[in-house]
Structure formats: C-alpha cells, structure tokens
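A.B. asks: I have a structure here, written as structure tokens, and I will follow up with some questions on it.
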Amino acid sequence: MKNNRKQDSAVKYPLSAILGSRGHLVVLRELFRSGNPVSHSELLERTDLSRQGVYDVTKRLTETGVAAYSGSGRQQLIGLRKDFPLYDSLNQLFSSELKVYENFLETLKQIIGGLGKKPESVWIFGDAALGYDEYGDPIQLAVLGKLKEIDDITREFREKIMVEKVEHYFDVTIDVRGVTIADLEARPFLTEGAVIRLWGLDPDNYLNPQTNGFAAVHGHQDFDERSLAESEVWSELLKSNPEIIPRTIRYLESRIREISNGEKSELLEWKHLLRNCSPQRLKKFLTSDSERATRLRQSLPFWPVLTEHEQKKFKIMIGELLNI
Numbered sequence: 015m016k017n018n019r020k021q022d023s024a025v026k027y028p029l030s031a032i033l034g035s036r037g038h039l040v041v042l043r044e045l046f047r048s049g050n051p052v053s054h055s056e057l058l059e060r061t062d063l064s065r066q067g068v069y070d071v072t073k074r075l076t077e078t079g080v081a082a083y084s085g086s087g088r089q090q091l092i093g094l095r096k097d098f099p100l101y102d103s104l105n106q107l108f109s110s111e112l113k114v115y116e117n118f119l120e121t122l123k124q125i126i127g128g129l130g131k132k133p134e135s136v137w138i139f140g141d142a143a144l145g146y147d148e149y150g151d152p153i154q155l156a157v158l159g160k161l162k163e164i165d166d167i168t169r170e171f172r173e174k175i176m177v178e179k180v181e182h183y184f185d186v187t188i189d190v191r192g193v194t195i196a197d198l199e200a201r202p203f204l205t206e207g208a209v210i211r212l213w214g215l216d217p218d219n220y221l222n223p224q225t226n227g228f229a230a231v232h233g234h235q236d237f238d239e240r241s242l243a244e245s246e247v248w249s250e251l252l253k254s255n256p257e258i259i260p261r262t263i264r265y266l267e268s269r270i271r272e273i274s275n276g277e278k279s280e281l282l283e284w285k286h287l288l289r290n291c292s293p294q295r296l297k298k299f300l301t302s303d304s305e306r307a308t309r310l311r312q313s314l315p316f317w318p319v320l321t322e323h324e325q326k327k328f329k330i331m332i333g334e335l336l337n338i
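Read in order, the letters of the sequence shown are residues 15 to 338 in the numbering used here.
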C-alpha cells in the first residue's frame, strides 16, 4: 500500500532534513565557524535560540548524521562529523556565504580609504545592522563628517560605489547618508541598536565625548588612548573565544592575496603575530605602549570575522569597561 505522507528521501535528499529549518542553519553556521565541538551552553550563548530549541535542533542534526555528540552530562559536546559525505560541500557553502559578506564590507572599506577627503566615521545602521533585513532592502550607510565637507565626501562615495559596480557585484542596494554630529543628536535611529562599523570609531564616541575621562576623539593621542582601552577588551574576547584567531588568520590570508603590495605589510605583520604568539604574549602585545603595538592597534583585524553574537559581546564588554 502506498504511503501518502509527504517526505523527502533521506538517501536521495539529505539536505532537506539537514537544512530544513532556520534553527538548523543557525546551529550549523556556528558549528562550522567554531571548527570544534561546542557545548549546548555555548550554542545557547551564540544563537538566539531558546535552551529547548538548542537541544531540539542538535538532536535532529545528530539524527541526520551530519553531527554527533561526544562526552556526557554537563561535559557533553556537539560537533560536526568530518567523515559525513556532505561535510566538505556544506563547509564550502558556509565558507562562501561568509566570504561574500566579508568581501562586501572590505570593498566598502577600500572605497572609503580611497576617498580624497576622509570621513570621521562610516557605519551600517538599520535593519541590515540588526540582522532583520530581507532581500532587496536597502543597506543604509551613515557617513559622518564636518559640516563644510560632508556633502563632497558623500557625493564622491556614492560615485565610487557606482563606478566600482558594488551593487551589481553583490546584488544589493546601498543608501548612503551624509551626517554631522548634530544629525546624530537629532536622529537617534542612526545609532540605535547594533551598527556595523566600517571606518573610524563607533558613532557612540561622538555622542558621549566625556565617557570615563576620555575626551572626544579628534587627535592621535585621543585615538591611541581609546584603542588601548579597546585592546583590553579584545584580549579578553580572544581569551573566551579563541576560535576568532584562526578565523582572522584565514581572513588575513584572503586579503593578502587580493590587495596590492603596498598595502600588504601590516596584514603580513598581523598574520605573523597571530600565528606565532601564545595567548599570553598576544594579550601583552595588545595592551603594550610600544611603538609597534601602538601602530598596529590602528589596524586591528578582528572585527570583520566576528559573528553577530561576538560583535554584541564586544560592545557589551567595551561598554562595561568605559561605563557607557
């Protein structure tokens, strides 16, 4: 007798079960990014799933064969099976997803770096920064500059985006908005919630110029003091999330292959440091007042590889440090 229940064959269509829900995608994405088995508590912290949701998803993923448990009780971990037939293909899929996003952000940063007059800060705000955007929604960029310069900066930025065909290559729509500090104060939606910083300091610095003794960031000394404070947070974040380091090395290797020789030196220096420094040495270096540390802190390479959860965690940590 024919079974009328609609179900995709597990042998013929395993991806239906593996990628069958948003929860599966969220957990798989984190497992591939981590590269190592993680606990249910870590998945709970890194995703927006409920505790029961995490347990339900990991159980279903183990039933598909793509993941497996190790350990037991509170020590139980969930990890991907590298001998699973579709492991390499899935890994490439999630890696490609991340690479396209990283290339998009890096392209915008390169365009900003090539502007005749540099803005004070540039960031993505709105739904795209919050992770609520849908296909076709405009990606909103805020470009902060001085009143007499902002129109020229914004115009050149828009023109270069068109010349470089960024919207075509990445299949996105970009909305560039020039703003001044007065606009930030009058339009809080520009900085509310999460922002994705592309250039300069976080816009909150311009709204809170006297935070914990830090003056508004206008000169090199102010920038150095702020970057030193942020380095304390980076060292703690890297300690609690060590998988950020190999992800950053892979990101640096990708960038080094793509850019001109003149821009490679600092990236190569960062790659060398991350490959050869123990966690203790790296922490010491990040918080050192040496000339080399001060120079390299101006090009910290970690932010582009952070997950949304790690970005939120960093913001919370820097806020606690500076009492924001």
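For every residue, glycine included, the Cβ atom is placed at its ideal position computed from N, Cα and C.
State the beta-bridge partners of Q154 as determined by DSSP.
C.D. replies: Paired residue(s): F139 and D189.
A.B. asks: Quick one: is A31 buried, meaning 16 or more other Cβ sit within 10 Å of its Cβ, or exposed?
C.D. replies: Classification of A31: buried, given that the 10 Å Cβ count is 16 or more.
A.B. asks: What is the C-beta distance between V40 and T72, in whole angstroms, given that I count them as a contact (C-beta under 8 Å)?
C.D. replies: That belief does not hold up - the Cβ atoms of V40 and T72 are roughly 11 Å apart, past 8 Å.
A.B. asks: Starting from L94, follow its DSSP beta bridges and name the residues at the other end.
C.D. replies: A81, per the DSSP bridge assignment.
A.B. asks: With the cut-off set at 8 Å, would you say R311 and L242 are in Cβ contact?
C.D. replies: Closer than 8 Å, so yes.
A.B. asks: Per DSSP, I210 is paired with what?
C.D. replies: DSSP, once it has assigned bridges, lists I138 as partnering I210.
A.B. asks: For A307, I'd like the list of residues in its chain whose CB is within less than 6 Å of its CB, leaving aside the five on either flank, ordered along the chain.
C.D. replies: Cβ neighbours of A307 beyond the five flanking positions: F299.
A.B. asks: Can V193 and R261 be called in contact, C-beta distance under 8 Å?
C.D. replies: No, Cβ-Cβ distance for V193 and R261 is not below 8 Å.
A.B. asks: Can you give the Cα-Cα distance for I330 and P217, rounded to whole angstroms?
C.D. replies: Going from the Cα of I330 to the Cα of P217 covers about 15 Å.
A.B. asks: From L58 to I167, what distance separates their C-alpha atoms?
C.D. replies: About 42 Å.
A.B. asks: Which stretch, first to last residue, makes up the alpha helix (DSSP H) that contains Y101?
C.D. replies: Counting along the chain, the alpha helix (DSSP H) containing Y101 begins and ends at Y101 to G127.
A.B. asks: Exposed or buried, what is A24 when buried is set at 16 or more other beta-carbons lying within 10 Å of its beta-carbon?
C.D. replies: Flag for A24 reads exposed.
A.B. asks: Assign T187 to one of two classes, buried (16 or more other C-beta atoms within 10 Å of its C-beta) or exposed (fewer than that).
C.D. replies: Exposed: under 16 other Cβ atoms inside 10 Å.
A.B. asks: From V180, K160 and G145, pick the residue whose C-alpha is nearest to that of L198; which is it?
C.D. replies: Ranking V180, K160 and G145 by Cα distance to L198 puts K160 first.
A.B. asks: When the Cβ atoms of the region 171-188 are set against those of the region 112-127, are three or more pairs found closer than 8 Å?
C.D. replies: Enough Cβ pairs lie closer than 8 Å, so yes.
A.B. asks: Would you give the residue range spanned by the alpha helix (DSSP H) that G87 belongs to?
C.D. replies: Where G87 is concerned, there is no enclosing alpha helix (DSSP H), given that its DSSP letter is neither H nor E.
A.B. asks: Since I believe W248 is in contact with P133 (beta carbons under 8 Å), could you give me their beta-carbon distance rounded to a whole number of angstroms?
C.D. replies: About 24 Å; that fails the 8 Å criterion.
A.B. asks: Only counting the same chain, and skipping five residues up and downstream in sequence, which positions put a Cβ closer than 7 Å to that of L335?
C.D. replies: Cβ within range, chain order: A243, E246 and V247.
A.B. asks: Hey, D78 and P28 are a contact pair by Cβ (cut 8 Å); roughly how many whole angstroms apart?
C.D. replies: The sequence shown places Thr at residue 78, rather than the Asp named in the question. That pair is a contact at about 6 Å.
A.B. asks: Distance cutoff 8 Å, beta carbons only. Does G214 sit that close to anything in chain D?
C.D. replies: The displayed structure is made up of one protein chain only, and chain D is not part of it.
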